[in-house]
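Inspection log for the structure reproduced underneath, given as structure tokens.
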Amino acid sequence: MNTFDPGFLWGAATSSYQIEGAADEDGRGPSIWDVFAARPGNVLDGSTGDVACDHYHRYRDDVALMAGLGLRAYRFSVAWPRVQPRGSGAVDQRGLDFYRRLVDELLSRGIQPWPTLYHWDLPQPLEDAGGWPARDTAPRFADYAAAVHDALADRVTNWTTLNEPWCSAFLGYATGEHAPGRREPAAAIRAVHHLLLGHGMAASAMSGSRVGITLNPTQASPATGSAEDLDAARRIDGVANRIFLDPLFRAAYPADVVEDLAGVTGFEHVRDGDLKVIAAPLDFLGVNYYTPAIVSGGGPAHPPGKPGAYVGSETVRFVDGGRPRTTMGWEVDERGLSDLLVRLARDYPVTELHVTENGAAYDDEVHDADRIAYLDGHLRACHDAVARGVPLRGYFAWSLLDNFEWAYGYTQRFGLVHVDFATQRRTPKDSARWYAEVIRRGGL
Ligand code: GBH
């Protein structure tokens, strides 16, 4: 049997905009996702998160579901526009009260709360003032983080600042697939820096608590040993991973990435002292993993007007690895996860790692053998990483519930628990029962 440490944190994850609904309640202001989803053509099925899983009203039942699974921890996110409806200034106590009630409910069930402060729902007034490409968004984020921290630090031990800043920067500001839907590659690189700066400022504002950040590193391997393909892998590792990891852990942007981006930006938005703020000590690093990448050089550049996500490296091609795919079209390959964890622990001074998201979208309503196979393979990969010396202390399945899958709306189901969106009825899938048994046994 693959047994995990008795203290291993078995969890599940969600995020505010994807599950809460109640978009106009208790003073909540608009976020960039409310505005983006309302514009025709941005979300595949034309849906929004206005209702989603109605978790705002059903959180007690949802925590009961978690307790039924035997979860030790629950990763959720706090909606900034509930706490500060205009993104700055006055705090709305009704917004904070929701998270107080949620956290108290979790604690009463013996489930550790793992809040993330930013999972993509920027208050729209801050986007109107420039969004993440604007420097001022960073101190605004730190102010908001301090307000939430003041309200909940007596109940919450582990704080995560950002979820996947890569997605916020590159899908939000380069490809425009995510809110706010801008297609400005240079702005995306400024967003990277101001997200990191906001993280560092927030981390200092929360000193005394345990603080981490969640990234979605791309585990990229070259298609062949050719110099072109090796360079493609270096480039993707640079603009997807090291552009975040090096500032966080080494207080510097990698020289090769700065060079790759020379045609896009001269990094003149970086000021003296910023990197010191960004490199504030981290208590843990969260890793979200879904699929690896196989890359090759020498592809066609993206046509003008349709920027790619890998800014400055648009000629890199993503190659088919020939493995089965989920309904997202993502290949299933758990070796990428153990290799990624080993690499992070080897190259950076991380003392504690958590897989803060891992899971798969499949159509099966409740008898989801594919999802069980996916989770089983990836948990074995986690066990393998621990055996290879990685300080991995927790695993959060994505997701507790079927939910609003961003640009895919409700067409993709990642939940351990099925949600019938017409009735809001929850039904645990076979994978939920299977995961409960893994937790009960402490391994698989
Ligand atoms: C996470 O994003 C989010 O944190 C979460 O909110 C979301 O619901 C969940 O994943 C599922 O999507 O497009 O073939 O090149 C993950 C986003 C997924 C972006 C993998 C990069 C690369 C695969 N990442 N993707 S591909």
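Here the sequence shown is numbered in this note's numbering, starting from 100 and rising by one per residue. Where is the CB? At the ideal position from N, CA and C, for every residue including glycine.
Using the Cβ count rule (16 or more neighbours within 10 Å means buried), how would you classify Ser306? exposed
To which residues of the same chain is Leu314 closer than 8 Å at the C-beta, ignoring the five residues directly before and after it? Glu263, Pro264, Trp265, Asn340, Phe343, Leu344, Leu384, Gly385, Val386 and Asn387
If you count every other CB in all the chains shown that lies within 10 Å of the CB of Gly145, and 16 or more means buried, which is it? exposed
Since Ile393 is in the beta strand (DSSP E), which residue starts that stretch and which ends it? Ala392 to Ser395
Residue of Ala285, Tyr173, Ser325 and His218 minimising C-alpha distance to Leu201: Tyr173
Own chain, CB closer than 7 Å to Ala252, minus 5 neighbours either side, in chain order: Ser308
How far does the alpha helix (DSSP H) with Pro353 in it reach, from first residue to last? No alpha helix (DSSP H) holds Pro353; DSSP gives it neither H nor E.
Where the beta strand (DSSP E) containing His453 begins and where it ends: Leu452 to Glu456
Quick check on the DSSP output: the beta strand (DSSP E) that includes Gly311 runs from which residue to which? Arg309 to Leu314
Measuring only from the beta carbon, is Ser114 closer than 7 Å to any heavy atom that is part of ligand 1? yes
If Pro316 and Leu443 are in contact, beta carbons under 8 Å, what's the gap, nearest whole angstrom? 7 Å
I want to check one thing, is the minimum distance from the CB of Gly337 to the heavy atoms of ligand 1 below 7 Å? no
When burial is assigned at 16 or more other CB atoms within 10 Å of the CB, is Lys528 buried or exposed? buried
Under the assumption that Ile118 contacts Ala278 (Cβ atoms under 8 Å), give the Cβ distance between them as a whole number of angstroms. The Cβ separation is near 17 Å, so there is no contact.
Neighbour-count burial assignment, His466, 16 or more Cβ in a 10 Å radius: exposed
Which residue wins for smallest C-alpha separation from Leu436, given the options His482, Phe417 and Gly421? His482
Quick one: is Ala354 buried, meaning 16 or more other Cβ sit within 10 Å of its Cβ, or exposed? exposed
If we require 4 or more residues per run, which alpha helix (DSSP H) segments fall completely within the segment 111-171? 115-118, 131-137 and 154-168
Do you know how far the Cα of Val369 is from the Cα of Thr256? 32 Å
Per DSSP, what are the beta-bridge partners of Val518 in this structure? Arg525
For Gly372, count neighbouring Cβ atoms within 10 angstroms of its own Cβ and tell me buried if that reaches 16, exposed if not. exposed
My assumption, with CB atoms under 8 Å, is that Ala241 sits in contact with Ala304. Please give the rounded CB distance. 5 Å
By alpha-carbon positions, which one of Met100, Phe107, Ala112 and Thr102 ends up nearest to Trp497? Ala112
Who are the near neighbours of Gly275 in its chain, counting only those whose CB is closer than 7 Å to its CB and skipping five residues on each side? Arg281 and Arg282
Can you name, in chain order, every residue of its own chain whose Cβ lies under 6 Å from the Cβ of Ala121, other than the five neighbours on each side? Tyr155
Counted within 10 angstroms of its Cβ, other Cβ atoms place Arg512 as buried (16 or more) or exposed: buried
Ligand 1 and Thr426: does any heavy atom of the ligand fall closer than 7 Å to the residue's C-beta? no
Is Pro316 close to chain B? Criterion is C-beta to C-beta, closer than 8 Å. No chain B is present in this structure, which holds just one protein chain.
Got a sec: does ligand 1 put a non-hydrogen atom nearer than 7 Å to the Cβ of Gln318? no
First and last residue of the uninterrupted alpha helix (DSSP H) at Thr236: Thr236 to Leu251
Determine the closest residue to Trp109 out of Asp220, Trp213, Val410 and Leu170, with distance taken between C-alpha atoms. Leu170
Cutting at 7 Å between CB atoms, please list the residues of its own chain near Tyr447, excluding the five before and the five after it. Leu344 and Phe348
Tell me Ala286's beta-bridge partners as DSSP assigns them. Partner(s): none; Ala286 has no beta bridge.
Simplified DSSP state of Arg479, which is helix, strand or coil: helix
Residues in its own chain within less than 6 Å of Gly469 by CB, not counting five upstream and five downstream? One detail in the question is off: residue 469 reads as Asp in this sequence, not Gly. Within the same chain, Asp469 has close Cβ partners Tyr461.
Is it true that the CB of Val134 sits closer than 8 Å to the CB of Val177? no
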